[in-house]
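Be aware that the sequence shown starts at 28, since it is given in our numbering, and climbs by one per residue.
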Amino acid sequence: MPLLEAPRNGPKVSNGVLSGVSHSQSFGIDTESHSDDPNRRQRIVVVGLGMVAISFLEKLVKQDSERRKYDIVVIGEEPHVAYNRVGLSSFFEHRNIEDLYLNPKEWYGSFKDRSFDYHLNTRVTDIFPDRKTVKTSTGDTIAYVLLVLATGSDAVLPTHTPGYDANGVFVYRTISDLERLIEFASKHQGETATTVGGGLLGLEAAKAMTDLEDFGKVKLIDRNKWVLARQLEADAGTLVTRKIRELGLDVLHQKRVAKIKTDDNNNVTGIVFEDGEEIDCCCVCFRIGVRPRDELGTTAGIQCASRGGFVINESLQTSIPEIYAIGECASCANQTFGIIAPGIEMADVLAFNLTNPDKEPKSFRRPHLSTKLKLLGVDVASFGDFFADRDGPKFLPGRR
């Protein structure tokens with residue numbers, strides 16, 4: 028079974044993409060975790076290289092710099108190192124992925140004693156908790172003492188909708204998604220595009236498609252009576268909708284996509300709504316939410332929540348104590364968090380606890396959620412519980 032070794036002269040770079048490691052190279056990673064050897068550094072394997080994962084890694088290496096307790100292996104599925112997903116829409120303006128990198132490429136190769144290894148363009152296919160190993164898409168097996176799952180989430184694509192697989196249907200989640208959208212737009216200049224979803228993610232996609240300046244018109248389709256329905260009440264949501272329309276974006280409220288129309292070559296030609304109305308367009312970009320990536324838990328026997336996500340306790344442990352989960356793939360009290368702040372807090376808690384065994388451990392608590400948004404020339408801020416009207420208040424003030 029192949030074993031991986033870090034490139035001696037740093038990672039190869041081509042067009043801003045780090046090639047990471049090839050199948051033929053060897054990382055010198057054995058299949059023994061050395062958990063019983065007090066003189067060996069313990070290996071932490073991190074699955075995922077997104078914003079939460081890199082926050083955890085930065086904190087871990089900083090707080091572990093003196094004790095040197097851990098060796099780290101990071102496995103990232105994308106061909107890029109960690110980038111700013113929150114600022115993804117700016118990619119349409121500069122088209123340079125390196126402007127979004129959260130750390131320069133050189134950071135990943137700056138650690139001594141080969142204590143930090145990373146794989147790019149590599150997917151973890153299996154976790155074997157009894158052996159404390161993971162298997163990757165390249166056929167490699169890597170042992171761990173502790174495993175941190177930071178697999179994030181996928182953009183939701185409504186596969187039940189006829190036409191969802193047509194040419195011109197997109198989701199908006201990764202750099203690869205944006206590159207495909209840019210290429211498509213360049214071939215359909217002056218035509219009408221649509222984005223589905225009136226939440227934070229939908230407005231971000233609408234702004235990005237407007238910034239492309241290739242489409243003649245961009246329409247935003249929202250199933251609710253006003254945009255940002257999870258963050259804003261009716262008056263504020265209506266005000267934001269009016270501001271967005273003044274900027275030239277066509278907003279269609281209380282519309283649900285029933286079918287995507289296509290031609291004989293399976294190219295998008297329009298949308299049919301559930302109320303029977305139809306519109307013409309050349310593409311549909313769905314930004315209707317995210318789904319936690321917890322599929323690794325199925326075969327590994329890791330407990331997952333009914334709404335998705337690895338079930339965690341206050342220490343970020345899953346149902347298997349040596350396996351932790353942080354970020355959008357983690358479920359706390361049957362809730363996952365589609366914004367970055369809770370994930371960063373999880374990263375902070377876990378890094379502190381792993382590097383400060385003599386101190387009182389930190390606990391992750393369900394956070395108070397707030398959102399700030401500046402898109403399409405509109406500033407919006409919301410605070411409080413998104414689901415208070417549905418679930419009731421979590422806390423009530425005491426009597427005086």
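We put the beta carbon where it would ideally sit given N, CA and C, even for glycine. The structure presented is a predicted model; accordingly, all values stated were derived computationally and were not measured.
Asked	Found
Around the C-beta of Ser51, are 16 or more other C-beta atoms found within 10 angstroms, so that it is buried, or is it exposed?	Low confidence applies to Ser51: its pLDDT is 28, below 50, so where it sits in the model is not reliable, and the reading given next is rough at best. Burial call: exposed.
Taking only the alpha-carbon atoms, compute the straight-line gap between Ala193 and Thr152 and give it to the nearest angstrom.	28 Å
Looking only at C-alpha atoms, which of Val101, Gly190 and Ile339 sits nearest to Gly297?	Gly190
Kindly indicate the opening and closing residues of the beta strand (DSSP E) around Thr152.	Val151 to Phe155
How far does the beta strand (DSSP E) with His146 in it reach, from first residue to last?	Phe143 to His146
Can you give the beta carbon distance from Arg318 to Val198, rounded, assuming they're within the 8 Å contact cut?	Actually they do not touch by this definition, with Cβ atoms about 11 Å apart.
Answer with buried or exposed for His107, where buried requires no fewer than 16 other C-beta atoms within 10 angstroms of its C-beta.	buried
If you draw a straight line from the alpha carbon of Cys359 to that of Asp181, how long is it in whole angstroms?	18 Å
Run the CB neighbour count on Lys86, radius 10 Å, all protein chains shown included, and call it buried at 16 or more, exposed below.	buried
Taking 6 Å as the limit between beta carbons, can you name the residues of its chain near Glu265, skipping five residues before and five after?	Strictly speaking, residue 265 in this sequence is Thr, with Glu absent from that position. Answer for Thr265: Trp253, listed in chain order.
According to the Cβ coordinates, are Ser346 and Ile329 closer than 8 Å?	yes
Could you check if Leu377 is buried or exposed, using at least 16 other CB atoms within 10 Å of its CB as the buried criterion?	buried
By the three-class DSSP mapping on this structure, what secondary structure does Ile366 have?	coil
Shortest alpha-carbon distance to Leu228 belongs to which of Val311, Leu127, Arg392 and Ile366?	Ile366
Apart from the five residues just before and just after Leu174, which ones in its own chain have a Cβ nearer than 6 Å to its Cβ?	Val72 and Ile350
Consult DSSP for Thr165 and reduce its assignment to one of helix, strand or coil.	coil
With burial defined as no fewer than 16 other Cβ atoms inside 10 Å of the residue's Cβ, what is the status of Asp11: buried or exposed?	Nothing in the structure corresponds to residue 11, since the chain is present only between 28 and 427.
Report the option in Asn340, Ala235, Arg393 and Gly217 whose CA atom is closest to the CA atom of Cys308.	Gly217
Pull up the distance between the alpha-carbon of Glu240 and that of Arg314, whole angstroms please.	19 Å
How big is the Cα-Cα spacing for Val223 and Ile102?	32 Å
Rounded to whole angstroms, what's the CA-CA distance from Thr178 to Gly75? Just pull it up for me.	5 Å
Take Ala374 and list the residues in its own chain whose beta-carbon comes closer than 7 Å to its own, dropping the five residues that flank it on each side.	Val79, Ser82, Phe83, Lys86 and Ile353
Straight-line CA distance for Arg119 to Val113?	One detail in the question is off: residue 119 reads as Phe in this sequence, not Arg. For Phe119 and Val113, the distance between alpha carbons rounds to 13 Å.
Does the Cβ of Phe433 have 16 or more other Cβ atoms within 10 Å, making it buried, or fewer, making it exposed?	The structure shown does not extend to residue 433, since the chain spans only 28 to 427, so no value can be given for it.
Just curious, the alpha helix (DSSP H) that Ser82 is in, first and last residue?	Met78 to Gln90
When the Cα atoms are used, what is the spatial distance from Glu301 to Thr221?	16 Å
Give me whichever residues DSSP pairs with Lys247 in a beta bridge.	Checking the sequence shown, residue 247 turns out to be Leu, not Lys. DSSP, once it has assigned bridges, lists Thr222 and Val278 as partnering Leu247.
Short of 8 Å in beta carbon distance, which residues of its chain neighbour Pro185, apart from the five on each side in sequence? Order them along the chain.	Tyr191, Val284, Phe313 and Ile315
Taking the alpha carbon of Glu206 as the reference point, which residue from Gly226, Leu381 and Ser117 has its own alpha carbon closest?	Ser117
May I ask you to report which of helix, strand or coil DSSP gives Asp307?	strand
Quick check on DSSP: helix, strand or coil for Val100?	strand
Going by C-alpha to C-alpha distance, which of Thr325, Leu343 and His121 sits closest to Gly335?	Thr325
Is it true that the CB of Val295 sits closer than 8 Å to the CB of Gly226?	no
Pull up the distance between the alpha-carbon of Ile209 and that of Thr289, whole angstroms please.	21 Å
What residues match up with Asp181 in a beta bridge as DSSP calls it?	Arg318
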